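Q: The numbering of the sequence shown is my numbering, which starts it at 13 and goes up by one. Ideal Cβ positions, reconstructed from N, Cα and C, are used throughout, including at glycine. These numbers were taken from a predicted model, which means no experiment stands behind them. Here it is: the structure, laid out below.
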Amino acid sequence: MRYKIFLIDDDEDDRDLFEDAISELPFQTEIDTFANGLDLFEYLGAGHPIPHLIFMDFNMPVLNGADCLLRIRREKRLLDIPVIVYSTIIVDSIAKRLSESGANQYLQKPSSFQQLKSMLELCITNVLNINGKGQGNLEFVFREM
């Protein structure tokens, strides 16, 4: 199966690293990237297909991760799409807010490419239940490995 993944991150370098890491994982993916949440909603408003999974940076201009998450959860066709929010640092009060708003996980951005690959493989396998592995095996807050 080919998994459609959306990445929302205002940092172009982070988007490039994410795409490179995903391309090295052992499953087929199609990635669409967006510089901010408004770009995502413009894309979806044009009738494009929805993803299997959304990764989103927490700290973004225009529409931050928390506000974007709330808007995603108000969209009927996106209601069941897993959303993983990540940030450079983990803040407990933000973790609580994201959990209550419907995020599936809150991750700390890894500091190396290899750690990024490992984290993405673990999270994607778990959240999408690839090969029957996953669904609830990870903590909501996932700190750097």
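Under 9 Å between the Cβ atoms of Ser99 and Asp69?
A: For this step, residue 99 is matched to residue 87 along the sequence shown. For this step, residue 69 is matched to residue 57 along the sequence shown. Yes. Within cutoff.
Q: Going by the DSSP bridge assignment, what does Gln40 pair with across the sheet?
A: Position 28 of the sequence shown, counted from the start, is the residue given in the question as residue 40. DSSP lists Arg14 as partners of Gln40.
Q: If contact is defined by three or more beta carbon pairs under 8 Å, each pair taking one atom from either stretch, is the stretch 115-133 in contact with the stretch 22-42?
A: At 8 Å Cβ cutoff, the stretches touch.
Q: Looking at Leu65 and Pro94, is the spacing between their C-beta atoms short of 9 Å?
A: Counting from one through the sequence shown, the residue named residue 94 turns up at place 82. Counting from one through the sequence shown, the residue named residue 65 turns up at place 53. Contact flag set, yes.
Q: One question on the structure: do Phe46 and Tyr55 come within less than 9 Å of each other, judged by their Cβ atoms?
A: Taking the sequence shown and counting its residues from 1, one reaches residue 46 at position 34. Taking the sequence shown and counting its residues from 1, one reaches residue 55 at position 43. Yes.
Q: Are the beta-carbon atoms of Phe125 and Pro63 separated by less than 9 Å?
A: Position 113 of the sequence shown, counted from the first residue, corresponds to residue 125. Position 51 of the sequence shown, counted from the first residue, corresponds to residue 63. Contact: no.
Q: Determine the DSSP secondary structure at Ser124, reduced to helix, strand or coil.
A: Reading the sequence shown from its first residue, position 112 is the one you call residue 124. Coil at Ser124, not helix or strand.
Q: State the CB to CB distance for the pair Ile96 and Leu119, rounded to an integer number of angstroms; the pair is presumed to be in contact (CB under 8 Å).
A: Position 84 of the sequence shown, counted from the first residue, corresponds to residue 96. Position 107 of the sequence shown, counted from the first residue, corresponds to residue 119. Contact flag correct, Cβ pair sits at about 6 Å.
Q: Taking the straight line between their C-alpha atoms, what separation do you get for Arg86 and Asp92?
A: Locating residue 86 in the sequence shown gives position 74, counting from the first residue. Locating residue 92 in the sequence shown gives position 80, counting from the first residue. Distance between the alpha carbons of Arg86 and Asp92 is about 11 Å.
Q: Could you please give the first and the last residue of the uninterrupted beta strand (DSSP E) stretch that includes Leu65?
A: As a position in the sequence shown, residue 65 is number 53, starting the count at 1. Run containing Leu65: 65-69, per the beta strand (DSSP E) assignment.
Q: For chain B, check one thing: does any of its Cβ atoms lie closer than 9 Å to the Cβ of Asn48?
A: The structure shown contains no chain B; it is built from a single protein chain.
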